[in-house]
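Protein chains in written order, with my numbering: chain A, 1270 to 1576; chain B, 1270 to 1576. Glycine included, C-beta positions come from ideal geometry on N, C-alpha and C. The block underneath contains the structure these notes are about, expressed in structure tokens.
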């Protein structure tokens, strides 16, 4: 792998410390906000906590915090948004792992929710986590204006619905065994992974001082680029990394005959595409200057990660 | 069946016409608001429309309209709320019918969504309908104040989450083959059916002029009573009515060894309970006078219905 075009202007250690601290903060906030394991129905709440807590890179929360920092947000607000995003993301993982979907028994290094509990419970875990995310956005003050907060809810709902994440999953299921073109793949992944990543950046920024239309457009260009890059890298890792490293089953795209950036472009061109998207992301941030260094570092992390 | 205690002070024909007109209005609004069948991903949108359109008593929308009328709401606002409620209700039906849950092949007089399409699509239909409901509440102006609208979103999210509808479904699954007490049954159904019915009344009222705390409490007492009555009558119909009349599989509670008001109380005492709850509902409305006649008629409809 050749890293080119982009140099990072921040010390790697600083980023790792920032990421680690926020991952711990999100974990603690989720543990505090989710219904406790002793609240009835206990088994459902235990399963929700099993699915959400104790793992994950927390990429969407990190993006929300970084965008919130850029907009000068109080991080106690961004924390709630981060938890809502992670609940939506986890709901999608729990449902995607079900036998009628991707049928995967491993997630975040341990048994999938339906294996650890049962299918019906996993279905209800996903359903409840989606509701919980909207509850968090409805019951906490997240912006200075309630009208803007309604817009945040609209953005998140659209991002995870049939024209966003769930729609992307429908595309994914329909594409098994098919030869997709690159634009078709992009079309699918802009929804499946990209929509929630764009929403993460947008919602984080909403927690702070209102940005100009132009600034929001730049941030969204950044988010589009890293959303797609995230999936390209996921496809590369699925064929290059081990199950142990990923904490989820490796090689399953090929096994399931799913078209991926690797199957369509090959490894070298997929890696080039990820790098191009990383460069696009950095370019979109250029107008923000130093303020956007966390978002820049996250673009690097998303493309250069090994897990 | 002896009808007692309560007399209706409104002509039956008027109620039937009101109900029919609003059912048609909700159907038309849902058809207009849901993504069209030609919008990608088409199959998912077609399945969403299949599940939502063309049937159902639309009890939750009717409750929202009646509560909205009581609070002087503009019905164009209540219409959006009604559609959101029906999307949540339909998502719960689609997921409940899945093989890992109640495994039912018949719903609203035709094939369940997963039978007509497939399990994965039905899963995504439910997920997408939940998102769509919150999108409707986020993107339309439904009250005079945005803060009150955030509270509406919080109420709906809490009603359908793990301490509401989804939690009730978890109880239901855990109760198969068990002998529940009447308080345990009530505990389950207050969540499974009651939570969304309470939210329907509350959200309808929020569309109008703000009610006093006392008025909201009265409305909520009404909603609690009819929410429970709805389930008691459902249990009676499950053992007394035919599959053809119900449009869903009759007798399945007994077949699945599920505790019901009929299995716990017997038919006669279950019918008495439904009547007591109908009387409670009417009593809760007494302070509103004539203004509440639609809600009163809906209590009668819920208890006296044959399907």
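Chain B within 7 Å of residue i, Cβ atoms only
i                       : result
residue 1354 of chain A : no
residue 1457 of chain A : no
residue 1528 of chain A : no
residue 1438 of chain A : yes
residue 1431 of chain A : yes
residue 1283 of chain A : no
residue 1453 of chain A : no
residue 1408 of chain A : yes
residue 1557 of chain A : no
residue 1400 of chain A : yes
residue 1419 of chain A : yes
residue 1403 of chain A : yes
residue 1426 of chain A : yes
residue 1442 of chain A : yes
Inter-residue spacing [alpha-carbon to alpha-carbon] between residue i and residue j
i                       : j                       : result
residue 1453 of chain B : residue 1357 of chain B : 25 Å
residue 1512 of chain A : residue 1518 of chain A : 5 Å
residue 1502 of chain B : residue 1472 of chain B : 24 Å
residue 1338 of chain B : residue 1563 of chain B : 8 Å
residue 1428 of chain A : residue 1318 of chain B : 19 Å
residue 1389 of chain A : residue 1389 of chain B : 14 Å
residue 1436 of chain B : residue 1460 of chain B : 7 Å
residue 1414 of chain B : residue 1554 of chain A : 36 Å
residue 1430 of chain A : residue 1402 of chain B : 10 Å
residue 1474 of chain B : residue 1491 of chain B : 13 Å
residue 1500 of chain A : residue 1533 of chain A : 13 Å
residue 1404 of chain A : residue 1556 of chain A : 35 Å
residue 1444 of chain B : residue 1496 of chain A : 43 Å
residue 1372 of chain A : residue 1400 of chain B : 23 Å
residue 1309 of chain A : residue 1300 of chain A : 16 Å
residue 1526 of chain B : residue 1446 of chain A : 42 Å
residue 1483 of chain B : residue 1416 of chain B : 20 Å
Beta-carbon gap between residue i and residue j smaller than 7 Å
i                       : j                       : result
residue 1547 of chain B : residue 1524 of chain B : no
residue 1551 of chain B : residue 1539 of chain B : no
residue 1434 of chain B : residue 1465 of chain B : yes
residue 1514 of chain A : residue 1576 of chain A : yes
residue 1340 of chain A : residue 1480 of chain A : yes
residue 1543 of chain B : residue 1498 of chain B : yes
residue 1407 of chain A : residue 1364 of chain A : no
residue 1531 of chain B : residue 1489 of chain B : no
residue 1320 of chain A : residue 1359 of chain A : yes
residue 1354 of chain A : residue 1469 of chain A : yes
residue 1333 of chain A : residue 1477 of chain A : no
residue 1327 of chain A : residue 1350 of chain A : no
residue 1383 of chain B : residue 1362 of chain B : no
Within-7 Å CB hit, residue i to chain A
i                       : result
residue 1423 of chain B : yes
residue 1370 of chain B : yes
residue 1273 of chain B : Low local confidence applies: a pLDDT of 41 at residue 1273 of chain B is under 50, so the model's placement there is unreliable, with the coordinate-based value given in what follows. No - not a single Cβ of chain A is within 7 Å of the one on residue 1273 of chain B.
residue 1499 of chain B : no
residue 1396 of chain B : yes
residue 1388 of chain B : yes
residue 1292 of chain B : no
residue 1415 of chain B : yes
residue 1479 of chain B : no
residue 1393 of chain B : yes
residue 1551 of chain B : no
residue 1435 of chain B : yes
residue 1364 of chain B : yes
Supposed contact pair residue j and residue i - C-beta distance, whole angstroms, cut 8 Å
i                       : j                       : result
residue 1516 of chain A : residue 1377 of chain A : 5 Å
residue 1305 of chain A : residue 1314 of chain A : 7 Å
residue 1291 of chain B : residue 1331 of chain B : 6 Å
residue 1449 of chain B : residue 1528 of chain B : 4 Å
residue 1541 of chain A : residue 1521 of chain A : The Cβ separation is near 24 Å, so there is no contact.
residue 1352 of chain B : residue 1285 of chain B : Between residue 1285 of chain B and residue 1352 of chain B the Cβ distance is about 22 Å, and since that is not below 8 Å, they are no contact.
residue 1440 of chain A : residue 1457 of chain A : 4 Å
residue 1419 of chain A : residue 1311 of chain B : The Cβ separation is near 30 Å, so there is no contact.
Per-residue burial, residue i [other beta carbons within 10 Å of its own, 16 or more giving buried]
i                       : result
residue 1329 of chain A : buried
residue 1271 of chain B : No answer about residue 1271 of chain B holds up, because its pLDDT of 38 lies below 50 and its placement is not dependable.
residue 1381 of chain A : buried
residue 1293 of chain A : exposed
residue 1561 of chain B : buried
residue 1289 of chain A : exposed
residue 1348 of chain B : buried
residue 1463 of chain A : buried
residue 1572 of chain B : buried
residue 1558 of chain A : exposed
Cβ-based contacts, 8 Å cut-off: residues of the segment 1304 to 1332 of chain B near chain C: Protein chains in the displayed structure are A and B, and chain C is not among them.
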